[in-house]
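The numbering of the sequence shown is the numbering used here, which starts it at 7 and goes up by one.
Below: the structure, in structure tokens.
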Amino acid sequence: MSSAIRAASILPARREDIELHTADGLRLVGELALPVDRDPVATLVCLHPLPTHGGMMDSHVFRKAAWRLPALADLAVLRFNTRGTTSVRGTSEGTFDAGNAERFDVAAAIEYAEFAELPNIWLLGWSFGTDLTLRHGCDPAIVGAILLSPPLRTTTEDDLARWAESGRPLTALVPEFDDYLRPDEARRRFAVVPQAEVVGVPGAKHLWVGDAETVLDEVVRRVNPEVPVPLPSTWDGPMETGDASAYADRTVAAFADQPMPGDPS
Numbered sequence: 007m008s009s010a011i012r013a014a015s016i017l018p019a020r021r022e023d024i025e026l027h028t029a030d031g032l033r034l035v036g037e038l039a040l041p042v043d044r045d046p047v048a049t050l051v052c053l054h055p056l057p058t059h060g061g062m063m064d065s066h067v068f069r070k071a072a073w074r075l076p077a078l079a080d081l082a083v084l085r086f087n088t089r090g091t092t093s094v095r096g097t098s099e100g101t102f103d104a105g106n107a108e109r110f111d112v113a114a115a116i117e118y119a120e121f122a123e124l125p126n127i128w129l130l131g132w133s134f135g136t137d138l139t140l141r142h143g144c145d146p147a148i149v150g151a152i153l154l155s156p157p158l159r160t161t162t163e164d165d166l167a168r169w170a171e172s173g174r175p176l177t178a179l180v181p182e183f184d185d186y187l188r189p190d191e192a193r194r195r196f197a198v199v200p201q202a203e204v205v206g207v208p209g210a211k212h213l214w215v216g217d218a219e220t221v222l223d224e225v226v227r228r229v230n231p232e233v234p235v236p237l238p239s240t241w242d243g244p245m246e247t248g249d250a251s252a253y254a255d256r257t258v259a260a261f262a263d264q265p266m267p268g269d270p271s
């Protein structure tokens, strides 16, 4: 009998705790999720939101991607905590550096995916993770990138020019009511990247609460277009239930009084 796929549903996958090792000597904790009985068609390397404001490898869209997409879309999902970031998986060594030294973290994740011979590597950045993607992720090993709620806070024109020159696919999913960058302004900013696709998402906000399924559909549409979307909302087979209560203190509301890096205090 089919069961509804809910927010905490965990579909079958081969899941492995992994460690990444950076060029500046740090150990980062993460997880790799693979389809149970077949090779993945493509790979998502997830770069999470701002850790000073609750972002981590288990931020809800990435958690749902890892819990669903190996089974529903034949994807490998690699998540990890950038330096100094904590989740249930553990704490990565090092200290948050506002996206600067994190270049080593991005490189280590791509290197791991290459070493593991994971196919068709895509970067999936969210918020702070989109700046990491644009600043440090235009690597010959990747196929392209998908950006969720890009604020373009620390991305420079040179970074965008590098993507333009590379020709690699770049998709930005931009919420209609984003706190930092809304669709019309995003189209203007990304116009310097001819191949960039800006997709405005009606009704959505920066954190994608209530819109994770829309995000996953749009990701799969680009990364494995052979899979029909929208993705199924039910599953006929074994399914576990995750415990999201561990993240009750990691919501954006818990960080409402915390200034953003670089903002006046």
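Even glycine gets a Cβ: it sits at the ideal position worked out from N, Cα and C.
Everything numeric in this text was worked out from a predicted model, so none of it was measured.
First and last residue of the uninterrupted beta strand (DSSP E) at Leu50: Ala48 to Leu53
Through-space distance from Met7 to Leu137, alpha-carbon basis: The question names Leu, but residue 137 in the sequence shown is Asp. About 43 Å.
Integer-rounded CB distance, given that Ser93 should sit under 8 Å from Trp241: The pair is not a contact, with the Cβ atoms about 25 Å apart (cut-off 8 Å).
For Val221 and Val67, believed in contact at Cβ under 8 Å, the rounded distance: 5 Å
Segment limits, alpha helix (DSSP H) that includes Ala29: Taken as a continuous stretch (DSSP letters only), Ala29 belongs to no alpha helix (DSSP H), as it is neither H nor E.
Three-state class that DSSP yields for Val225 in the structure shown: helix
Limits of the beta strand (DSSP E) - the one that Thr177 falls within: Leu176 to Pro181
Beta-carbon proximity check, Phe121 vs Ala29, cutoff 7 Å: no
Buried versus exposed, by CB contacts within 10 Å (16 or more), Phe183: exposed
Where the beta strand (DSSP E) containing Phe102 begins and where it ends: Phe102 -> no beta strand (DSSP E), and no H or E assigned at all.
Reduced DSSP category for Arg12 - H, G, I as helix; E, B as strand; rest coil: coil
contact_flag[the region 42-54, the region 134-153] where n(CB pairs < 8 Å) is 3 or more: yes
Contact check, Leu38 vs Ser98, beta carbons under 7 Å: no
Local Cβ density within 10 Å of Ser155, reported as buried at 16 or more and exposed below that: buried
Between the CA atoms of Tyr186 and Ala197 - distance to the nearest angstrom: 18 Å
Contact between the region 11-19 and the region 73-81 (3+ Cβ pairs under 8 Å): yes
C-alpha distance - Pro244 paired with Val235, whole-angstrom precision: 22 Å
Arg69 (DSSP reduced to helix, strand or coil): helix
Span separating the alpha-carbon of Leu213 from that of Asp45: 31 Å
Range covered by the beta strand (DSSP E) that runs through Phe86: Leu81 to Phe86
Span separating the alpha-carbon of Asp64 from that of Glu25: 16 Å
Cβ-based burial, Asp269 [other Cβ within 10 Å; buried from 16]: Only weak support is given to the placement of Asp269: the predicted model assigns it a pLDDT of 44, under 50, and the value that follows is read from those uncertain coordinates. With fewer than 16 other Cβ atoms within 10 Å, it is exposed.
Beta strand (DSSP E) segment containing Trp132, residue limits: Ile127 to Trp132
Burial state of Val180, where buried means 16 or more other Cβ atoms lie within 10 Å: buried
Check whether Pro189 and Gly206 have beta carbons under 7 Å apart: yes
Cβ pair Leu237, Asp217 closer than 7 Å: no
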